[in-house]
Amino acid sequence: MAIGLTEEHEALAASVRGFAERNITSQAVRRADAGCWPALAAQGLPGLHLPEDAGGEGFGILEQAVALEELGRAMAPGPYTPTVLASAIMHAAGAQVRGLIDGTRTAAVGLSGSLDRDGSVVSGTIQPVLGAPLADVFLLPVRDGWVVVARDDVTVGSLESLDITRPVGSVTVDHVTVPDESFLSGMDAHAYAAVLLGAEACGVAGRALDDAVGYAKLREQFGRPIGQFQGIKHKCARMLIAVERARAAVWDAVRALDESEEQRAYAVGVAAALAADAAVTCTEGNIQVHGGIGYTYEHDAHLLYRRALTLRALLGRASGHRADVGALAVAGVRRPMSIELDEDAAPVREEVRARVAELAAMEPLAQRAAMAEGGWVTPHLPEPWGRGAGPLEQIVIQQELAAAKVRPVPLMIAAWVVPSLVQYGTAEQQERFLPPTLRGEIIWCQLFSEPGSGSDLAGLRTRAERVEGGWTITGQKIWTSLAREAQWGICIARTSPDRPKHDGITYFLLDMKSPGIEVRPLRECTGEAVFNEVFLDGVFVPDDLVVGPVDAGWRVARTTLANERVGLTSSFQLGGDLPKLLELAAGLGLDDDPVVRDGIGHLACDEHSFNLLGLRATLKQLSGTDPGATANVRKLVAMEHGQHVTEFGFTLLGEEGALTGGREDGLRARWTRYLLASRAMTIGGGTTEVNLNVIGERILGLPRDPEPAR
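For the sequence shown, position 269 (counting from the first letter as 1) is numbered 269 according to UniProt numbering, and the numbering increases by one without interruption.
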């Protein structure tokens, strides 16, 4: 997933990438050759973000960010990025920018320091200024705003640039009298810098990731591609996570440019904290994956690294941005994750709202029955079990149910059961189980994990043997939630042990009252017993409770992955979360501590980024484009975030963390329990390490480890 979301954004990105491949060669990048600037101007790219009445192409900042991401991938040399940044800031302040659009003038922006101002006279030196040696016009900070000065009124000094593909310089103004119209105010210049330099940083990060993955697929060590090694696989997966978080943050900062000061500051702070850091992380990873060759001057890896470091330096310390976000979070500022649908949704909303109003007027039991019968519980599924709703209708249904305070039936484990029965169940199975399940009358448990297989479900040892009229199942399951409460369970067992690992598995429905089933509570490190062990000793299951073909249960079990709902779902947290952490810090009187603020800011950026990943995935589906890696990345980021929040909160307790009680409000006990419980978050549903392998293999295409001979 790139910064853009729509098919139009994908087409624009492809067009700019094609231009870059034709016009920006590796040799030109190394020479810092600015010769591509006229060609970029001829394509109209410098004016993508500006309205037509200003001489632009009539799109917006998001489209310019899409273009800059691609030019960042190409490490485009020359004045493009600083000129675009200057024109965006100047237009926001109402200044003329025409020469900066058609390629006849170039510009540079000073992002740090301040010139002295005495009335209309300005003086001083600003450095470093990106692209200063190439610029005709300079936008420089002064007290209470910015000033536009021409090259004839300044002295440009040459500085040794860390980024050898694009120059920086100093700009000295020596008591120059500037007309009033050249003083600008009323715009957040640093917000535009965070967006546009952040977009370029995303491109640099994406290029570094692609280069690392490409090399890992081809480079062989010890007789196999290095991409098979888990260390390389996980490093590349972590790089992908950093890229996706950065893209989401920059995208949201674009959205916030026209919002309130608080909302803009929050979104821009997250983007400034994440984007350039992602570029540095990925370019470092790229060098590491390439090894010695990546460290040589002849390889492009160090050029990407230099560009990333320079962008991060120009945007300012990430710790400062985190502190800003932390202060806003402490003040109660959060970014909403709502979806605003266009006018095409109006007819759908009108119909849905009328039906939901009828549901809202019903008594609880009647309401549940009507929701099940009308397909409101699982609207994404086909009729009669759902409504066959596409992404747009699903979002409308969620919004209208919430607005009417109609609570959908909590399916829990049944959310996995229902899609499997819809796709693979017989008509008799569907009629027997789906209506009561959708009414909330059946509680299900999932009998998949085993003591010896863990996340490797295909390595299960529970066996099912053919007997007259059905099967007998023998084995042990573990980590089974709701096993003591459930009436029915879904169980996978090996029916053909001589077949390959993922074959020979069958999917069964088990009556949890059947003879031979023993459920033992499994006490966790918290002292509680949420999970269970389930022992199956010759449990008889009739043939009519086999779902799908015999030996094809692996395919049935994975059905839910292809039937994900569209929508914004909050990630399940066993530990603390950001609101609880803010409450804790305030209660301990630590919310003003600068170190605590930095930690809160870091965690607030984390929380915001994974919430954005969910929002962007939904919007991609609404626009008809592939959400890509978002679901896998979001799950992993969210689970680790919960642990990090909880661990940070626990450290705030200091020496009191050694105790589990004693305060009247139960503060110590509560956070101690959060901490212990949070350890399960990166284990359940597939460990972090397994999820990193999935990202590396299924999303990045890295080679799988060869399976050992059986």
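Backbone N, C-alpha and C fix where the C-beta goes; we use that ideal spot for every residue, glycine too.
Report the partner residues of residue i according to the DSSP bridge assignment.
i: alanine 108; result: Phe138
i: tryptophan 146; result: Pro141 and Leu184
i: alanine 552; result: Ile505
i: serine 158; result: Gly169
i: asparagine 532; result: Pro521
i: aspartate 118; result: Val121
Whole angstroms is fine: what's the gap from residue i's alpha carbon to residue j's?
i: glutamate 640; j: cysteine 525; result: 19 Å
i: threonine 682; j: leucine 240; result: 18 Å
i: alanine 32; j: glycine 78; result: 7 Å
i: threonine 426; j: threonine 378; result: 19 Å
i: glycine 55; j: aspartate 102; result: 8 Å
i: proline 82; j: phenylalanine 138; result: 10 Å
i: alanine 248; j: threonine 660; result: 39 Å
i: aspartate 43; j: valine 550; result: Strictly speaking, residue 43 in this sequence is glutamine, with aspartate absent from that position. When rounded, the distance between both Cα atoms is 59 Å.
i: valine 546; j: serine 453; result: 23 Å
i: glycine 567; j: arginine 238; result: No answer about glycine 567 holds up, because its pLDDT of 48 lies below 50 and its placement is not dependable.
i: valine 121; j: serine 158; result: 24 Å
i: valine 557; j: glycine 206; result: Contrary to the premise, residue 557 reads as alanine rather than valine in this sequence. Going by the C-alpha atoms only, they are around 34 Å apart.
i: threonine 569; j: glutamate 70; result: Its pLDDT being 45, under 50, threonine 569 is placed unreliably in this model, and the value from its coordinates should be taken loosely. Cα to Cα, threonine 569 sits roughly 31 Å from glutamate 70.
i: histidine 602; j: leucine 578; result: 11 Å
i: lysine 217; j: glycine 701; result: 8 Å
i: isoleucine 339; j: glutamate 450; result: 40 Å
i: glutamate 351; j: alanine 357; result: 10 Å
i: isoleucine 600; j: phenylalanine 648; result: 9 Å
i: valine 213; j: valine 142; result: 45 Å
i: valine 519; j: valine 530; result: 12 Å
i: glutamate 21; j: leucine 12; result: 14 Å
i: arginine 698; j: glutamine 228; result: 13 Å
i: leucine 5; j: alanine 279; result: 21 Å
i: valine 417; j: glutamine 423; result: 10 Å
i: phenylalanine 540; j: lysine 513; result: 11 Å
i: lysine 501; j: threonine 281; result: 37 Å
Apply the 10 Å Cβ neighbour rule to residue i and answer buried if 16 or more other Cβ atoms are within range, or exposed otherwise.
i: glutamate 343; result: exposed
i: aspartate 211; result: buried
i: aspartate 543; result: exposed
i: alanine 562; result: Caution applies to alanine 562, whose pLDDT of 48 falls short of 50 and renders its modelled position unreliable; the value that the coordinates give is listed next. So alanine 562 counts as exposed.
i: leucine 48; result: buried
i: arginine 663; result: Caution applies to arginine 663, whose pLDDT of 47 falls short of 50 and renders its modelled position unreliable; the value that the coordinates give is listed next. Per the 10 Å Cβ criterion, exposed.
i: histidine 9; result: buried
i: arginine 494; result: buried
i: phenylalanine 222; result: exposed
i: serine 609; result: buried
i: alanine 366; result: exposed
i: histidine 644; result: buried
i: proline 133; result: buried
i: leucine 652; result: buried
i: glutamate 393; result: buried
i: threonine 672; result: buried
i: aspartate 180; result: exposed
Please name the residue in the options whose C-alpha comes closest to that of residue i.
i: leucine 314; options: Thr506, Gly113 and Ala67; result: Gly113
i: valine 65; options: Glu160, Ala585 and Leu257; result: Note that residue 65 is alanine in the sequence shown, not valine. Ranking Glu160, Ala585 and Leu257 by Cα distance to alanine 65 puts Leu257 first.
i: arginine 555; options: Thr506, Val270 and Leu582; result: Thr506
i: glycine 548; options: Ala585, Phe508 and Lys513; result: Phe508
i: leucine 612; options: Leu311, Arg634, Val596 and Arg597; result: Arg634
i: alanine 265; options: Tyr297, Arg334 and Gly206; result: Arg334
i: histidine 290; options: Leu401, Lys501 and Leu209; result: Leu209
i: leucine 536; options: Phe59, Tyr192, Thr472 and Val356; result: Thr472
i: alanine 483; options: Thr462, Ala414, Glu298 and Leu311; result: Ala414
i: phenylalanine 650; options: Gly285, Gly575 and Ala28; result: Gly575
i: glutamate 160; options: Ala242, Leu12, Val84 and Thr310; result: Thr310
i: leucine 100; options: Leu636, Asp136, Leu111 and Glu697; result: Asp136
i: tyrosine 192; options: Cys282, Val467, Thr559 and Gly110; result: Gly110
i: threonine 177; options: Phe229, Gly119 and Pro225; result: Gly119
i: alanine 669; options: Thr646, Glu220, Arg353 and Val325; result: Thr646
i: glutamine 430; options: Pro391, Gln399, Trp385 and Ala464; result: Trp385
| said: Could you check whether the region 226-243 touches the region 689-704, counting it as contact only if at least three pairs of C-beta atoms, one from each stretch, sit closer than 8 Å? | reply: yes
| said: I'd like to know if the region 163-175 and the region 119-128 are in contact, where contact means that at least 3 CB-CB pairs between them fall below 8 Å. | reply: yes
| request: Pair every Cβ in the region 435-446 with every Cβ in the region 406-421, then say whether three or more of these pairs are closer than 8 Å. | output: Yes: the two stretches touch, three or more of their Cβ pairs being nearer than 8 Å.
| Cβ contact (3+ pairs, closer than 8 Å) linking the region 260-278 and the region 186-205 | Yes: at least three Cβ pairs fall under 8 Å.
| said: So, does the region 369-376 touch the region 301-309, judging by three or more C-beta pairs under 8 Å? | reply: no
| said: Whether or not the region 439-448 and the region 488-498 are in contact is what I'm after, with contact meaning three or more pairs of Cβ atoms, one per stretch, closer than 8 Å; do they touch? | reply: Yes, the region 488-498 is in contact with the region 439-448.
| query | Would you call the region 259-273 and the region 68-75 touching, i.e. three or more CB-CB distances under 8 Å? | reply | no
| query | At a cut of 8 Å, does the region 577-592 reach the region 617-626 through at least three beta carbon pairs? | reply | No contact exists between the region 577-592 and the region 617-626.
| said: Taking contact to mean 3 or more Cβ pairs, one atom from each stretch, closer than 8 Å, check whether the region 176-188 and the region 144-151 are in contact. | reply: yes
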